[in-house]
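Chains as they are written, first to last, in my numbering: chain A, 1 to 197; chain B, 1001 to 1197. Notes follow the structure.
Number of protein chains: 2
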Amino acid sequence: MINYPNGQPYKKEEKKRSSKKNKTEISISSANRGMSFENDINVSNDYYKERGICLISKRPTPINVVKVDYSKGAMITHAYFETQSTTDYNGVYKGKYIDFEAKNTKNKTSFPLNNITKHQIEHLKMVIYHEGIAFFIIQFESLDKVYLLDASYVIHFYEHGERKSIPLSCFEENGIEVERSYNPRLKYIDAIDKKYF
Amino acid sequence: MINYPNGQPYKKEEKKRSSKKNKTEISISSANRGMSFENDINVSNDYYKERGICLISKRPTPINVVKVDYSKGAMITHAYFETQSTTDYNGVYKGKYIDFEAKNTKNKTSFPLNNITKHQIEHLKMVIYHEGIAFFIIQFESLDKVYLLDASYVIHFYEHGERKSIPLSCFEENGIEVERSYNPRLKYIDAIDKKYF
């Protein structure tokens, strides 16, 4: 049985809906699955934080505030989302600085790099230079697999790869598979221990 | 001569204006000085980042987005600022996790803790537990002095202090004075080196 990223069995209704090939619905469904993966990371962070295992959190999305209405209790009435120039997550584990980006892909054979920005690559290079621990957590949704891959591989493929993608084989050979459980949903600290400690 | 936090000589016009004791003007001026101190930290971070000394940045202010108008290119039309439940700054220096809060005070004899939230204290306790480096950078604006003080002192006074403030003497005895320069404006990495490395 194929499981959803949230560990729930694949529901027939959902399957039926996406088989309609209605473009809007497919894209919403895909966004939801991405959101669900992000949510898995967030609730895993909460789990780790509550149990004193590590302290890692999501950086707020930077927002460019243009106008604030103070007559309405500092209500923002005009603002724009800004592109994150760093990664989404950072924090501390065993005294070490941890920095990572989490991405979901529907692709079965490679992870496309078109969602990764030049700024993020530069940021991760600096993290490595300063001896922090930098990696990606990539969910191959269609394969129901999640890998932790050191950022150095991503940087390599971003800068020297012929195609703008990382083949699945790179994850299989150099990555650490992140196991799922009921709680935490993604046992990524186990993967960090295997790789870095 | 008394210097402004930004290193510029104290301007007579500013002095005259604040002597009017117009409440609005005083509060704007005070907000500006606070902003100027924040700006000193931010440009010092840029300096350190560009020179490969450390990688420390300001966390974006969390914003609760209520409504987005997609017909206007994802313009946020209704949102609110949220209280930061962590500190303002974090990053990596020599592999170690760095986490701090920066505050300005006009007070001459103590640093009042009414601007520090319970959430921030809890956050800093967790950083220390996970062996990260946690501190405050406090500017005593009227004294033209800036100190780095380990978060453990702030936690102690927050939880056990009789008055909700930290006396200046605690900074003088246990803090490290942060020197100013043209570039970086606040040499806080020197203070980190003295205290932690």
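Don't be surprised by glycine CBs; every beta carbon is placed ideally from N, CA and C.
In chain order, T87, N90, V127, G132 and A134 place their CB closer than 6 Å to the CB of A:D99, counting only its own chain and leaving out the 5 sequence neighbours on each side. Across the set B:V1068, B:N1104, B:I1121 and B:P1112, the C-alpha of B:I1121 shows the shortest separation from the C-alpha of B:Q1084.
Chain-ordered, the chain B residues with CB closer than 8 Å to the CB of A:H78 read M1075, I1076 and T1077. DSSP, reduced to helix, strand and coil, places B:D1150 within a strand of the structure shown.
Looking at the DSSP output, A:M75 shares a beta bridge with A:D69 and B:Y1080.
For A:F136, the secondary structure class from DSSP, reduced to helix, strand or coil, is strand. Residue-level contact check: B:M1126 touches chain A, since one or more beta carbons of chain A fall below 9 Å from its beta carbon. Those residues of the segment 128 to 162 of chain A placed with their C-beta closer than 9 Å to a C-beta in chain B are Y129, H130, E131, G132 and I133, ordered along the chain.
Membership of B:E1173 in the alpha helix (DSSP H) is indicated by the continuous run L1168 to N1174. Interface annotation for the segment 42 to 72 of chain A against chain B: K49, G52, C54, L55, S57, R59, P60, T61, P62, I63 and V65, criterion Cβ-Cβ distance under 8 Å. Here DSSP, grouped into helix, strand and coil, assigns B:F1100 to strand.
The continuous alpha helix (DSSP H) containing A:K118 extends over residues K118 to Y129.
Between A:A102 and A:I138, the C-beta spacing is below 9 Å. C-alpha of A:N115 to C-alpha of B:N1115: approximately 39 Å in a straight line. When the Cα atoms are used, B:N1183 and A:I41 turn out to be separated by approximately 39 Å.
Judged by DSSP secondary structure, B:Y1182 falls outside any alpha helix (DSSP H); it is assigned neither H nor E. Only residues of its own chain outside the window of five on either side were considered, and among them I1176 have a CB closer than 7 Å to the CB of B:K1194, listed in chain order. DSSP, read as helix, strand or coil, puts A:E177 in strand.
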